[in-house]
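Notes for the one structure printed next.
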Amino acid sequence: MEKTPLRRSRAVAARARPAPLEMSPREFRSAGHRLVEDIAKFLDSIAKRPVTRSGTARDIRARLGGGRFPKRGKPAGALLREAAELLFDHSLLNGHPRFWGYITSSAAPLGALADLLASAVNPNVGAWILSPMASEIEAQAVGWIGEMIGYPAGAGGLLVSGGNMANFIGFLAARKAQAGGENPRGGAGGRLRAYCSTETHTWIQKAADLFGLGADAIRYAPVNADFQVKPQELDSLIEEDMRRGDRPFLVIGTAGTVSTGAVDPLRELAEIARRRGLWFHVDGAYGGFAACLRDAPADLAGIAAADSVAVDPHKWLYAPLEAGCVLVRDRRALKDAFSFHPPYYQFGTEQEDFVNYFEWGLQNSRGFRALKVWLGLRQAGLEGYRRMIARDVRLASEMFRALDAHPEIEARTVALSIVTFRYVPPEMRGRGAEAREYLNRLNAQLLDRLQRGGEAFVSNAILQEDFVLRACIVNFRTQLEDVRALPEIVVRLGRRLDSQLRPREALAD
Ligand SMILES: Cc1ncc(COP(=O)(O)O)c(C=O)c1O
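This note's numbering numbers the first residue of the sequence shown as 2 and each following residue consecutively.
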């Protein structure tokens, strides 16, 4: 077709004007170098910053500015600088040496660079042909994770966003393997039921509810004084349900409970599941990686007997969020549960020796989260991870000792790297039930002050109806002096709060 002057000038304009999201190599280099420089300074200063500057949602929104969706764009470099400043100054710094809240680790700096590289190449790790090297890197990382926790070679597995998702995949693989496509609320075989301890993380409620069983399909077995499930009692629940005509399909053990770090007797649970012909899933989102320690708790070895296991690289592998991982002993179970073949995907078949990850899990398009995990595994190596995890466990014991030594602190539990404790004013020691309500209130408010104060960050647990504070160390930046500083902070804030809260007259005598 002959070009008219109008067509020609449009073509020239299309060539001359870069897309609004394009960056010239020069601009990219300059903005990128500056960002890396700013991040390096931020990481270098993290221990000197407060863990958090707190501030209400209104304060943060005001700092962000209530701007409208811009009509026209701005240069990328300036935007990045602005975003970095907002984030460095108004985030809760979980990479701070005194951050011990929930179960969020300090993130390996290499992971930040890995995410940059992963995004730059941007493979879609849903299908092998869309991500040849990335898919193989993911397979290798998952294989090494299995090796690290002593899981049998040849298992199937993939990376997901975190512990909840990894557990969901184990749950769905179990449901498919045990009940096919039956109505989970009462097919021919009866109502499906899952068995776990009262300490199980809330993922199980979401799974049972979302995947059609109903949250009341979960049967909770009690725990012993160390918060580990009582296997005999769990077995009795199975027996009871079978007699009633229900259909048990899944036994769940936890390797490192969210509240206290307790490890269930996994070998005994595996044996119950085997004898009863049920699927055995282990939630090792937090504690699973401790199985790599040379002196790992004996109960952890049972993780190898599970049909499926969830572990979280964004916890004890120190990968930046998000990275969870599920392993399934018989990889065919993943395909059975998740593989569909729509006509518009020509990604190769089962016969080929590669994995299309969209057939193994819930996601279709998938990002390259494997890169940060794989690079971390290579940077630290197995021995490096052993050293870091063992150190966290030792620091937790040291923290427990330091807290226990203080007369105004009641140190409650220590397991893996979780410590629980509470502040108890001296004259309220041993007052039993009468003081419970007040101590619960006192410690709940103390938690709030600690979390807002910026000196150290912990979270909480409820143990036998007592509100306790809880520190979980998955932090390679924490030093001995940090854990030893905690009792003084707790007592200082606790005393101040107690003097404001306590109706002295009522409790003095
Ligand atoms: C034992 C356990 N399971 C599952 C989860 C959920 O993991 P995520 O927050 O990565 O989804 C957690 C989180 O702390 C956990 O401790």
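Positions of the beta carbon are idealized from the N, C-alpha and C atoms, including for glycine.
### Message
Assuming R423 is part of the beta strand (DSSP E), what are its boundary residues?
### Response
419–424
### Inter-residue CB distance, V329 and D300 (contact presumed, cutoff 8 angstroms)
With 8 angstroms as the limit, V329 and D300 do not qualify as a contact, their Cβ atoms being about 21 angstroms apart.
### Task
Have a look at the DSSP bridge pairing and note the partners of R248.
L193
### Message
For G213 and R186, what's the separation of their Cα atoms in angstroms?
### Response
7 angstroms
#### Entry: Straight-line gap, M2 to N357 (C-alpha atoms, nearest Å)
Any reading at M2 needs caution, since the residue's pLDDT is 48, under 50, leaving its predicted position unreliable; the model's value is listed next. In a straight line, the C-alpha of M2 is about 44 angstroms away from that of N357.
### Task
Give every residue of the same chain whose Cβ lies closer than 8 angstroms to the Cβ of H282, excluding the five residues on either side of it in the sequence, and list them in chain order.
N168, G171, F172, A175, L251, V252, I253, G254, A307, D308, S309, V310, A311
### Message
Once DSSP output is grouped into helix, strand and coil, what is the label at G325?
### Response
strand
### Task
Using a threshold of 7 angstroms, state whether the C-beta atoms of P321 and A108 are closer than that.
yes
### Task
Using beta-carbon positions only, say whether D483 and R194 come within less than 7 angstroms of one another.
no
#### Entry: Entirely enclosed alpha helix (DSSP H) segments - the stretch 110–189, minimum 4 residues
110–122, 133–149, 164–180
### Query
In whole angstroms, what is the alpha-carbon distance linking M514 and A128?
Beyond the ends of the chain as shown, which are 2 and 510, falls residue 514; an answer cannot be given.
### Query
Taking DSSP as the reference, what is the three-state secondary structure of E411?
strand
### Message
Quick check: what's the CA-CA separation for L494 versus L451?
### Response
8 angstroms
### Task
Thinking T201 and F228 are a contact (beta carbons under 8 angstroms), I'd like their distance in whole angstroms, please.
In fact, because the Cβ distance is near 11 angstroms, the residues do not count as touching under 8 angstroms.
### Query
Taking the alpha-carbon positions, what's the A20 to G74 distance?
11 angstroms
### Query
Less than 6 angstroms between the CB of W101 and some heavy atom of ligand 1, yes or no?
no
### Query
Just reading off the alpha helix (DSSP H) that I104 is part of, what are its end residues?
From DSSP, I104 is part of no alpha helix (DSSP H); its letter is neither H nor E.
### Query
For A263, which three-state DSSP category applies?
coil
### Query
Taking all protein chains shown into account, do 16 or more other C-beta atoms lie within 10 angstroms of the C-beta of D393, making it buried, or fewer, making it exposed?
buried
### Query
Which partner residues does F401 have in the DSSP bridge list?
BP columns for F401 are empty, so no partner.
#### Entry: 7 angstroms Cβ cutoff met for V143 and G163
no
### Assigned secondary structure, M2 (DSSP; H/G/I helix, E/B strand, else coil)
Low local confidence applies: a pLDDT of 48 at M2 is under 50, so the model's placement there is unreliable, with the coordinate-based value given in what follows. Correct three-state label for M2: coil.
### Task
Name, in chain order, the residues that DSSP records as bridge partners for W280.
L251
### Message
Which residue marks the beginning of the alpha helix (DSSP H) containing S25, and which one marks its end?
### Response
That residue, S25, is in no alpha helix (DSSP H); it is neither H nor E in DSSP.
### As assigned by DSSP and simplified to three states, the class of R471
strand
### Query
Is A286 near ligand 1, with its Cβ less than 6 angstroms from a heavy atom?
yes
### Task
Please state whether DSSP places A462 in a helix, a strand or coil.
strand
### Query
Quick one, are the C-beta atoms of I104 and Y386 less than 7 angstroms apart?
no
### Message
Taking the straight line between their C-alpha atoms, what separation do you get for E506 and Q465?
### Response
Because the pLDDT of E506 is 44, which lies under 50, any placement of that residue in the model is unreliable, and the question is left without a value.
### Query
Is it the case that the CB of W204 approaches a heavy atom of ligand 1 more closely than 6 angstroms?
yes
### Query
Of the choices K336, A113, P266, N444, whose alpha-carbon is the least far from that of F369?
A113
### Straight-line gap, N225 to A115 (C-alpha atoms, nearest Å)
43 angstroms
### Task
Round the Cβ separation of G285 and I304 to the nearest angstrom and send it over; I've been treating them as touching at under 8 angstroms.
6 angstroms
### Task
Check whether the Cβ atoms of I138 and W317 lie closer than 7 angstroms to each other.
no
### Message
Here's the rule: buried if 16 or more other CB atoms are within 10 angstroms of the residue's CB, otherwise exposed. What is V37?
### Response
exposed
### Message
With three or more C-beta pairs closer than 8 angstroms as the rule, is the stretch 483–492 touching the stretch 455–463?
### Response
yes
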